[in-house]
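So the structure is just underneath, and the comments pick up after that.
2 protein chains.
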Amino acid sequence: MKYLGGIFLFVVLLIIDTKPTEAVCGYESCPETKPNMVNIHLVPHSHDDVGWLKTVDQYYYGHKNNIQHAGVQYIIDTVITELIKDPKRRFIQVETSFFAKWWEQQTETHKLVVKKLVNEGRLQFTNGAWSMNDEAAVNYQSVIDQFTVGLKFLDETFGICARPRVGWQIDPFGHSREQASLYAQMGYDGEFFSRMDHSDKFRRMVDLALEMVWDASESLSEVKLFTGLLYNHYWDTPGFCFDVHCNDDPIIDGDSYDNNVKSRVDDFIAFAAKVAANFRTTHIMIPMGGDFQYEDAEVNFKNMDKLIKYVNARQATGSHYNIFYSTPGCYLNSVHQGLQSYPNKTLDFFPYASDSNSFWTGYYTSRPTQKRFERDGNHMLQTAKQLSVFAGLSSEQQKEDLDYLRQIMGVMQHHDAITGTEKQAVSNDYDRLLYDGIIGGASNARDALRVLTNLPEGEFESCLQLNISECAFTKDSADNVVVTLFNPLAHTSSQYVRVPVKKESYQVTDEKGRVVASEVVPVAWQVLALEYRDNNTQHELVFKASVNKIASYFIKKVETRENKEIVLPKSDKKSVKETEKNLEVPKRFKKVNSMKKVETHADDDSETVVQTSQIKLVIDNNTGRLKSVEMNGVVEDIEQKFGVYETSASGAYVFREVESTEMQFLTTDVEFTVYDGTLVKEVHQQFNEWISQVIRIYEGVNRVEFEWLIGPIPTDEDTGREIVTLFYSEISSNGVFYTDSNGREMIRREKDKREDFTPDLSRQPTSGNYYPVVSRIALQDSNKRIALLNDRAQGGTSMKDGQLELMLHRRLIRDDGYGVGEALNEQKYDKPLIARGKVYLILNSVEESTKVERLAEKEILLPFSVFFSKASSQSQTQSAIAKAVPSFDDFPPSVHLLTLEPFTDNEILLRVENFLDHIEGKVVSFNIRPIFDSLGGVEIRETTLDGNLPLSEMKRFKFHAEGSGAISTEAEYYTAAHKPLAADSSLEASEFSVTLHPMQIRTFIIKKK
Amino acid sequence: MKYLGGIFLFVVLLIIDTKPTEAVCGYESCPETKPNMVNIHLVPHSHDDVGWLKTVDQYYYGHKNNIQHAGVQYIIDTVITELIKDPKRRFIQVETSFFAKWWEQQTETHKLVVKKLVNEGRLQFTNGAWSMNDEAAVNYQSVIDQFTVGLKFLDETFGICARPRVGWQIDPFGHSREQASLYAQMGYDGEFFSRMDHSDKFRRMVDLALEMVWDASESLSEVKLFTGLLYNHYWDTPGFCFDVHCNDDPIIDGDSYDNNVKSRVDDFIAFAAKVAANFRTTHIMIPMGGDFQYEDAEVNFKNMDKLIKYVNARQATGSHYNIFYSTPGCYLNSVHQGLQSYPNKTLDFFPYASDSNSFWTGYYTSRPTQKRFERDGNHMLQTAKQLSVFAGLSSEQQKEDLDYLRQIMGVMQHHDAITGTEKQAVSNDYDRLLYDGIIGGASNARDALRVLTNLPEGEFESCLQLNISECAFTKDSADNVVVTLFNPLAHTSSQYVRVPVKKESYQVTDEKGRVVASEVVPVAWQVLALEYRDNNTQHELVFKASVNKIASYFIKKVETRENKEIVLPKSDKKSVKETEKNLEVPKRFKKVNSMKKVETHADDDSETVVQTSQIKLVIDNNTGRLKSVEMNGVVEDIEQKFGVYETSASGAYVFREVESTEMQFLTTDVEFTVYDGTLVKEVHQQFNEWISQVIRIYEGVNRVEFEWLIGPIPTDEDTGREIVTLFYSEISSNGVFYTDSNGREMIRREKDKREDFTPDLSRQPTSGNYYPVVSRIALQDSNKRIALLNDRAQGGTSMKDGQLELMLHRRLIRDDGYGVGEALNEQKYDKPLIARGKVYLILNSVEESTKVERLAEKEILLPFSVFFSKASSQSQTQSAIAKAVPSFDDFPPSVHLLTLEPFTDNEILLRVENFLDHIEGKVVSFNIRPIFDSLGGVEIRETTLDGNLPLSEMKRFKFHAEGSGAISTEAEYYTAAHKPLAADSSLEASEFSVTLHPMQIRTFIIKKK
């Protein structure tokens, strides 16, 4: 029994070591610091991309290590083991997606140990979202969602001790103001990141301005966030990478010829001194980690232990450097206690330039179809969430499917996913995952529609290829099909619906049997020519639907005696003919029912006018291109072209113009055909063999659609091509334009200018003026304004007054050297990728509110969800609605139903947003009691934006901006600015009154019976 | 206190998991196996070279990972952590040097945990020597020593549970019979290794003969060892390297698209089936590890856990594969229970050919000066050990110094140290370490001599550069110096001593004041010409000393009127003149006192005869080379030449002849000068600009010395050079020659033949006939015999009847691709390395016993240790001996004092060897009571060869060789064959009688008062 004694002693020491007292987490668990010393917060961390060079699972399992050596399961395994060994050790876990996967594979015993570590602040979750999201291409809705998913996992698993206090966006390639705003609204105390324009960073180092207070919203005054730039990127101190995958010298403190304690400590302190000179307080943060580090955490911690030991040992001989394990949260806590003031920041950190020839603006557009597919995912997610609530879906499979879609949407926000900066194989895996997620979401939606409607044979197919007018269901059943529409928006909406169909004559009726106007439109032949498209449906049936939340429309084939004459597209140009011939899909175009094909005459200089009652478009017959637009009472010469940047050194990240080379324009010889219907007018344009476009206006819709189709982009050995769409007007914008920040607030841009520094644009004048356009880019003068809205994130700029530019597609020939290791050269079915998408133009007078743009943004992001089912004989004889769905029509017009989703088994999350800003809108108040009741609510609580913390418990650090008045003598905090709504059903209806300031979002958890 | 509960539960489970019962180690701790199944012994191990591409400390600390990623400290750290987690896990620790370094850095608590793991057989020491020694270039004395050091550490640290049961020589490049013999004598049950001639392995796979019973001694009948070759080298199963540094697929068993459990298990079982088909029992061993693997042991064990789980899960559906963590010992235990019979093996496994063009025979010679320095280390170690015993040294510093030298000598035996197959920087580090060790040993020797002698000013300098006749001490004090000689051999010995001196006339007297004959000899000018040599001493004083254990001689300068005429070397040849001129050390040669310079006449065909009363050498004046030898009553035409292999693809490991290219001979134009003294006769020969030689005979000594000096060897872009010395005789050896096995028993070699297979020598006819020559190579016919003895390990062969060849030095131009990554191109002081050494020739009639060769071997390995001190006025007036030193002269002549060393603080280890074999010698008996008494013994116990296990406790597995009779129905064991001597001082002297069979070694631990 001698050895029992041994192990028992070990065990006892383990207990003592780990001090199993009550949970002391958060800032209370922070290490002590020393006054009058440089306090070095050593922050062990691992940066674990949720897919990049390898897929998510390959990273998790350490699979395919020949591509990149990385195995997250081992990182968390070994870190936990190391944390157990010494209570002074700290580690931050960032990506909750990986952690959650790991967690589910642990034993109950091991989970208890990990909980202890969390409760003692030793394992500290930081950022905590499902992934470390990109900030350029993401929509705020999806960012909020992915934080909700991550933080909810942490809260449910660990409780309050796991709640992250700081943002940690150390890798994304530029930083948005909206991200900072969302952090503040989620109660975060600060944010740290690593990438900033090199000139900006240089200036800030000189000015001790690497840390600042960010006014993250022009509308919401309290949305301020402490923001810090890491001194030396997020990788280890140079020479001090103690990772199993690094080759830096370990600390050798034994009786060895190689003993290097003195030189290592000298070097480290020298580095710390350099860092300390660039910050305002006596605290500095030194991150110890990097991409997928800590796979063998023992190596890291053993050497850090020694580093700490020997650096602090110097204090005995007068050193004033004090080093200890810490976390970004604890660092921020120390900084907050420092009561310094910090410079102010109001705009954002785009574009990111790592050097004067490397503006990371290509990724705003990279992988355009992936960026679009992500939006489809969000669309399905919001649809499935709302429908799950309405139908009360509660089976395990349903919850699992919805969670899966939530999670994969979290993955898609990752800064190497939606950005398009991953390897092709990884992109393929994202597609697979998202497809699976969407299928699960669609399954939920279908299940819900079965509950909510009486459609007896409701299969509710959701066709995912409607963007190329393809749908197996309608192909086979379009002669007798029910179209069930779900409107994710709060308010009743009227939108045009397009259904791929085979034949030409249909009748559409609504639920009450009333005939609805419809017409059949030919699909652009360039779409039909797609090799991988099934060409059974060459037309689309178009009708206008009006939906509160759910409505069904019934399509029936109608026999007509219409002339079936084949109409070929304008074929006097050889290229088209040849293309057509090569494609072997002749006789495709038909003169269709109720559509009038307008013959154009390229040889004269007349114009072709296409107009609805709202909009008049003039096409220049000479060029074949748009010449002017009239809408909203404004007439403007608006020319639209496509341009091509021929580049050789661009990559997935960087759009790198070739110096002194002009853009190539496609301006002449555009062939076009006009289809002039009653509901919709289309101008089908062919710019060259691989660029075509449909300009489209709908009766009653106040925007012009430009549906582009680009690809396969030709490249050669030295030339990649990046394709832009350009809109020219006479508007005197004077160098100023506006882009959205993650689809919410707008930011003013000024050509060649930055907020805080003078950028070096000598080598990249265009790329250096590119900004992310997630939903909108606009410009104006004192009279007129044009705005372009898009259907996915893109890069955009305004290089000339009155001109707007959006990059649509890119095909490149080289890697840009930032790690991905492949040229961005997407292939689909063994051919270079063809992409299709829409840009919307709104021309308006400048006096008009931009509210119409806001509304359009919402409709574009969250249009009707379309489900198809077979019509039966009873379909129209009974009410389609089986169960009442709450109506949100009573919400004020500027209130957006941002989120409605199942939260816990008996809770629902409701998120409402006033989507107008302080210029466009005003404070609105409304009562949510009717919704509360119709959702079966018994209690309600208001929470932080992410839904996981009662708002009453939110308390945030307040930092002082320079020039904002006297600094208090003690640390200050923000608390919830408005009275949180936290009531139960016994309260009066007035207690459910919700007030929303411009741009405010409020989040509620409604507890059900 | 909620979380206290958590941690406590964890702790309780830990206790349960680790089953803290009484120690159940060794074979009793082996996992259960299943009958009627293929039992797969999965053996986690790491192969940690004690220096190779990095130095020992660089490997230990994980320093210089850019050279090779390897950090042993982390390997042991993380392995221990992983072993704690699951009692089923196993790991074998092999290199005790690394483990001991790690151990001393552990806390007491952690040590207790490790002890528990050892006591439960979870951490199982295997091999256990200080390093995994080479088997080609090592002397058996040093192998025994390094096992003693390693096993002693294990025994003292852990007790019996740590005692290794099997040898594990998985990396050495060929395997010696003596190694197997030593294993058996240490009580090991078997040995495993990985490298064997490819043809031999192929044949053995077919014949199920990868495992065998090795008759490891021709003289000792019970020295048999089970020996097994690993199926697939020692690296992991192909595709199953679960190491942090590998890229094989992990086992992905989660809910993942990448789940690969089925394919991984399929692949593994397919491999296991292949292995099982090549072995005789239902057990197979699959090692899981490789060079420096397990730095992140979590990765390995986590995946092996899964592998085991899923392979065994197949049993439910009929699979007959049973897999579990095991060790080589446990595998051997299972095999032993299998009661199979195995093929017999009698010779050895040299040379190793990895393919028909790659015979690993270059390393027999690589780094000749390092191989020699290792012998110097052994010489100092034996000297220091014996002197420490005699003087009773016991201070901590003295013990530490001796241990350090023991340990570094253990390091030097490593298969990338003495082999010369390490990088140059590592070789430099070995030099540094060994130098430090020798300095410490010399310090001990000096301390001891201070105790043992009365020499009042005894500084006892030990000059380490006597090989180039340099000694700072005698340079400055040779006019009045005491030479104290220590004889490490048992019996009084007479040997010539050479002391570097400045001037020409000295008188030597012994302790009794008697004048001893002496003469001064000029140092060969090629030595004087060494740029880095301090040329103050250009002569050596030679005298013959006779020493029992310690004796002092006194040197005094004597004024003479001798002619100081300058004698230049034979200078009619331009090359010599120029060399001399360039070196700018003119007037170096003098006609010396009592030496006669014989002018030679290269133009006539006369002979020059040089002779002592024992030996007559005839030099051919035409060639300048040896022509015939007469000694021991035998006359033989013996021609000696140097030869050069010009090679381009040789490396540190491989001697790779260029096909169809003849050796280049240096046979003509040899210039020579004869110095004909009374005591010594020298023929100084110059073969070319970089090869010279002194042929030397001493009066009264029955062997001829050939002291060669080679270098800088010229190379060019395509030509490396490997230099051999060749001796031609007319002896009709008929293809047969003999080489020693690690300096002990001889092995019969036959040109172009192997014991067990037909080697493929088509591409490498010479290299494929090379064998290691550690001490001796010989051939004979029915009348005559010649033997060459060397002063360090070399490669040698006999390619023609009557001819012997030894490779002396190599300078190469390329790496041979086996890992070292450098050409073997040694530099010293920025010039290609010059090496110097001795080969001894003994010519004899074949009737004469080879006993004289044995005696010469001992004298060459362990000559007098020479210490210098200043003579004082009293020096000779008082007895030099202060304390009596035991005499071993009463030992029978064939008994060698193999080891006498301090063991524990109050114990002495005594190892005696009958160094004649069953043909040369016979059983001898003698009483060690006098020695026991003079060493102050109170108790004595006999032990296994390594000193750490009472011989009475030794019990070894007995395996049956094919054809050796009926197999018992139960497993058999060997136990100590003779009655162990285990007595205390109360026993009669007769009880101390020691009987030694030919070649037997017996080891005793004498407990002191």
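Going down the list, the protein sequences come from chains C and W. Add 569 to the 1-based position in the first sequence for our numbering, that's all there is to it. Add 569 to the 1-based position in the second sequence for our numbering, that's all there is to it. From the three backbone atoms N, C-alpha and C, an ideal C-beta is built for every residue, glycine too.
* To do: Following the continuous alpha helix (DSSP H) through aspartate 724 of chain C, name the residue where it begins and the one where it ends.
  => 709 to 727
* Would you give the residue range spanned by the alpha helix (DSSP H) that isoleucine 977 of chain W belongs to? => 965 to 981
* Thinking C-alpha only, which one of W:Glu1028, W:Val1249, W:Tyr1065 and W:Thr990 is nearest phenylalanine 1433 of chain W? -> W:Tyr1065
* Taking lysine 1113 of chain W as the reference, which of W:Glu1319, W:Gln1183 and W:Val1085 has the closest Cα? -> W:Val1085
* **valine 830 of chain C versus C:Asn608, C:Phe809, C:Asn847 and C:Ala846, residue with shortest Cα-Cα distance** => C:Phe809
* Asked: Leaving out the 5 sequence neighbours to the left and right, which residues in its chain are closer than 8 Å to glutamine 951 of chain W when beta-carbon positions are compared?
  -> Gln710, Pro1057, Leu1431 and Thr1468
* State yes or no: is the beta carbon of serine 666 of chain C nearer than 8 Å to at least one beta carbon in chain W? => no
* Asked: How many Å lie between isoleucine 1316 of chain W and valine 1305 of chain W at the Cα?
  -> 10 Å
* To do: Please name the residue, chosen from W:Lys871, W:Asp805 and W:Thr1538, that lies closest to methionine 854 of chain W on a Cα-to-Cα basis.
  => W:Asp805
* **Short CB-CB distance (under 8 Å) between serine 825 of chain W and chain C** => yes
* Asked: Which residues mark the beginning and the end of the beta strand (DSSP E) in which isoleucine 853 of chain W is found?
  -> 852 to 860
* Could you tell me whether the region 1310 to 1326 of chain W touches the region 1275 to 1284 of chain W, where touching means 3 or more Cβ pairs closer than 8 Å? => no
* Interfacial residues, the region 628 to 649 of chain W to chain C, with Cβ spacing under 9 Å -> Tyr629, Tyr630, Gly631, His632, Lys633, Asn634, Asn635, Ile636, His638, Gly640, Gln642, Tyr643, Asp646 and Thr647
* **Buried versus exposed, by CB contacts within 10 Å (16 or more), phenylalanine 1234 of chain C** => exposed
* Anyone know if the C-beta pair for threonine 1053 of chain C and phenylalanine 1436 of chain C falls short of 8 Å? -> yes
* CB leucine 1003 of chain C to CB glycine 946 of chain C, shorter than 8 Å? -> yes
* chain W partners of glutamate 864 of chain C, CB-CB under 7 Å? -> Val813 and Asp865
* Tell me, please, whether the CB atom of glutamine 1095 of chain W is closer than 8 Å to any CB atom in chain C? => no
* For histidine 767 of chain C, collect the residues of the same chain with a Cβ closer than 7 Å to its Cβ; drop the 5 residues on either side in sequence, then sort them by chain order. => Ala922, Ser923 and Asp924
* To do: Rank C:Glu1489, C:Tyr1297 and C:Glu1215 by C-alpha distance to the C-alpha of serine 1197 of chain C and give the top, closest one.
  => C:Tyr1297
* Assumed close pair serine 615 of chain W, tyrosine 863 of chain W - CB separation to whole angstroms, cut-off 8 Å -> 4 Å
* At 9 Å on the CB atoms, spell out the chain C contacts of lysine 871 of chain W, in chain order. => Gln642, Tyr643 and Asp646
* Three-state class that DSSP yields for glutamine 1107 of chain W in the structure shown -> coil
* Asked: Which chain W residues are close to aspartate 818 of chain C, counting only those with a beta carbon under 7 Å from its beta carbon?
  -> His632
* To which residues of the same chain is proline 897 of chain W closer than 7 Å at the C-beta, ignoring the five residues directly before and after it? -> Val612, Ile661, Thr695, Val735, Trp737, Phe761 and Met854
* Are the beta-carbon atoms of leucine 956 of chain W and isoleucine 1007 of chain W separated by less than 8 Å? -> no
* Starting from glutamine 966 of chain W, find everything on chain C with Cβ-Cβ shorter than 9 Å and list it in chain order. => Chain C residues near glutamine 966 of chain W: none, gap ~14 Å exceeds 9 Å.
* Going by the CB atoms, is the gap between valine 1089 of chain W and histidine 1060 of chain W shorter than 8 Å? -> no
* **Among W:Arg659, W:Gly1193, W:Lys623 and W:Asp1486, nearest to leucine 686 of chain W - alpha-carbon criterion** => W:Arg659
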